[in-house]
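> For reference, each letter of the sequence shown is one residue, going 234 to 543 in the working numbering.
Just so it is clear, CB atoms sit at the ideal spot from N, CA and C, and this is done for glycine as well.
Below is a structure I'd like to ask you about.
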Amino acid sequence: SAGAGDAARAFFVFARAWWNEYTAGLVEAHARLTGAGRHFPPLGQVLSRPVRIFATDESDGARKFVCTFLSPLRAGRLLGSPRHAARFVSLIPLEVRRGVLEELGGGRSDVWASNHAVLARRSGDAEAHALLLCSLLLGFGLDAYLCLGTRKSCHAGSFSAAATRGEANKEEDFAWVVTISPPFPAAAAAEPTSSSASALASAADSGGGGPRRPPPVVAEPPRVRGWDACTGQSDPDYARFTKKLGLATCPCLVGPNALFASRAPNTPVAAQAAWLDLGDERSWSRLPPLDPGRDGYSGGGRGGVGSGPG
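Rendered as structure tokens:
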């Protein structure tokens with residue numbers, strides 16, 4: 234319809250403005266940090282990172298915002314747990330697809346298939362597997378995200394041509410899934426109990442130098458679990474998971490309501506494994522979907538994650 238076409242054009246304009254601002258920030262950060270003696274990949278390589286904004290829908294050939302490919306998929310009694318879902322997706326045969334250079338965004342844009350198309354065809358590439366698993370995990374109520382990045386092509390199980398030639402320093406595009414949980418509650422010792430509070434008050438009354446302040450509560454990072462949709466493996470230790478899969482970089486995460494792109498010129502997974510917080514606006518630029526119902530943009534994404542693109 235005309236209304237849908239106008240909304241699509243409006244979002245494309247918004248996405249282009251977001252992309253221009255995002256890449257300008259990358260250029261500035263790259264120049265500042267390299268000028269300070271830091272070593273980073275060449276600027277052209279930084280700007281060609283696999284940040285996918287649009288993908289072509291296999292069913293109708295339309296270019297769509299990547300977040301629209303994700304939605305909670307509930308399997309009912311067919312799959313009893315997230316681990317059963319991961320095992321199920323891994324049994325779908327893996328196929329290799331070659332993408333084309335993307336006009337808006339970095340990396341290569343593949344033709345993406347819907348979850349139903351993958352199930353009907355009984356095959357899919359790494360991104361199709363990850364999309365399906367991410368949708369199933371969302372159906373279980375988990376805070377799941379599709380990760381678009383790279384891994385070493387020499388990694389065992391890699392299916393790229395570079396891997397068959399043994400080019401150990403090459404990287405290939407890859408997709409996996411993470412689920413993010415709130416950090417564990419702070420230790421009870423960090424907060425004074427009623428008995429300890431009484432003791433502190435007594436010390437103050439007796440001239441014991443006043444109450445001592447409780448030790449500061451150290452912020453804990455969110456808990457991140459990695460999922461490999463191609464093998465069904467998962468690990469609550471995200472650092473160990475990234476090493477096991479030979480993951481190299483992760484500049485982009487896709488959720489059902491927003492896309493997150495790393496603001497850093499270099500995006501090693503090892504650093505993100507130590508602290509992955511999509512609510513940190515200094516580290517992540519957020520692209521939400523355009524809300525055609527009002528002047529502005531929808532909230533979307535995780536609670537408390539900014540109010541608009543970075």
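Measure from the alpha carbon of residue 262 to the alpha carbon of each residue in 501, 495, 506, 520, then state which is nearest.
Here residue 262 refers to the residue found at position 29 of the sequence shown. That would be 495, whose Cα lies nearest to the Cα of residue 262.
> Which residue comes first and which comes last in the alpha helix (DSSP H) that contains residue 519?
The sequence position of residue 519 within the sequence shown is 286, counting from 1. No alpha helix (DSSP H) holds residue 519; the beta strand (DSSP E) holding it covers 517-520.
> How many whole angstroms separate the CB atoms of residue 405 and residue 346, which I take to be in contact at a CB cut-off of 8 Å?
Here residue 405 is taken as the residue at index 172 of the sequence shown, counted from 1. Here residue 346 is taken as the residue at index 113 of the sequence shown, counted from 1. About 20 Å; that fails the 8 Å criterion.
> Please report the straight-line C-alpha distance between residue 459 and residue 355, rounded to a whole angstrom.
The residue you call residue 459 lines up with position 226 of the sequence shown. The residue you call residue 355 lines up with position 122 of the sequence shown. Roughly 24 Å between the two C-alpha positions.
> How close, in whole Å, do the beta carbons of residue 483 and residue 500 come, if the pair is a contact with beta carbons under 8 Å?
For the purposes of this step, residue 483 is taken as the residue at position 250 of the sequence shown. For the purposes of this step, residue 500 is taken as the residue at position 267 of the sequence shown. About 6 Å separates the two Cβ atoms, so the contact holds.
> Is it buried or exposed for residue 522, if we count other Cβ within 10 angstroms and need 16 for buried?
Residue numbering aside, residue 522 sits at position 289 when the sequence shown is read from its first letter. Label assigned to residue 522: buried.
> Along the chain, which unbroken stretches of the beta strand (DSSP E) at least 3 residues long are found entirely within the segment 269-357?
Fully enclosed beta strand (DSSP E) runs of 3 or longer: 287-290, 296-298.
> Helix, strand or coil for residue 383? Go by DSSP, reduced to three states.
Taking the sequence shown and counting its residues from 1, one reaches residue 383 at position 150. Correct three-state label for residue 383: strand.
> Use the C-beta contact count for residue 313: other C-beta atoms within 10 angstroms, 16 or more gives buried, fewer gives exposed.
By one-based count along the sequence shown, residue 313 stands at place 80. Label assigned to residue 313: exposed.
> So for residue 247, helix, strand or coil by DSSP?
On the sequence shown, residue 247 is found 14 positions in, with the first residue counted as 1. Of the three classes helix, strand and coil, the one that applies to residue 247 here is helix, per DSSP.
> For the alpha helix (DSSP H) containing residue 474, name the first residue and the last one.
Position 241 of the sequence shown, counted from the first residue, corresponds to residue 474. 471-478 is the span of the alpha helix (DSSP H), which, as asked, contains residue 474.
> I need the DSSP call for residue 485, collapsed to helix, strand or coil.
If you number the sequence shown from 1, residue 485 lands on position 252. It is a strand residue.
> Ordered along the chain, which non-local residues of its own chain (more than five positions away) have a Cβ less than 8 Å from that of residue 353?
To locate residue 353, count along the sequence shown from 1; it is residue 120. If we look at residue 353 and ignore the five residues flanking it on each side, it has no Cβ neighbours.
> Beta carbon of residue 366, beta carbon of residue 288: below 8 Å?
Translated into the one-based positions of the sequence shown, residue 366 becomes position 133. Translated into the one-based positions of the sequence shown, residue 288 becomes position 55. Against a cut-off of 8 Å, the Cβ pair of residue 288 and residue 366 comes out as no contact.
> When the Cα atoms are used, what is the spatial distance from residue 350 to residue 318?
Here residue 350 refers to the residue found at position 117 of the sequence shown. Here residue 318 refers to the residue found at position 85 of the sequence shown. Answer to the nearest angstrom: the Cα atoms are 17 Å apart.
> How would you label residue 260, buried or exposed, when you count the other beta carbons within 10 angstroms and need 16 or more for buried?
Start at 1 with the first residue of the sequence shown, and residue 260 comes out as number 27. Result: exposed.
> Quick check on DSSP: helix, strand or coil for residue 508?
For the purposes of this step, residue 508 is taken as residue 275 along the sequence shown, with counting starting at 1. Three-state result, residue 508: coil.
> Where residue 328 and residue 489 are concerned, what is the direct C-alpha to C-alpha distance, given to the nearest angstrom?
Taking the sequence shown and counting its residues from 1, one reaches residue 328 at position 95. Taking the sequence shown and counting its residues from 1, one reaches residue 489 at position 256. The alpha-carbon atoms of residue 328 and residue 489 are separated by roughly 24 Å.
> Evaluate contact between the segment 375-382 and the segment 470-477, counting only Cβ atoms and requiring at least three cross-stretch pairs below 8 Å.
Output reads no: the segment 470-477 does not touch the segment 375-382.
> Smallest Cα separation from residue 544: which of 241, 251, 375?
Given a span of 234 to 543 for the chain in the structure shown, any question on residue 544 remains unanswerable.
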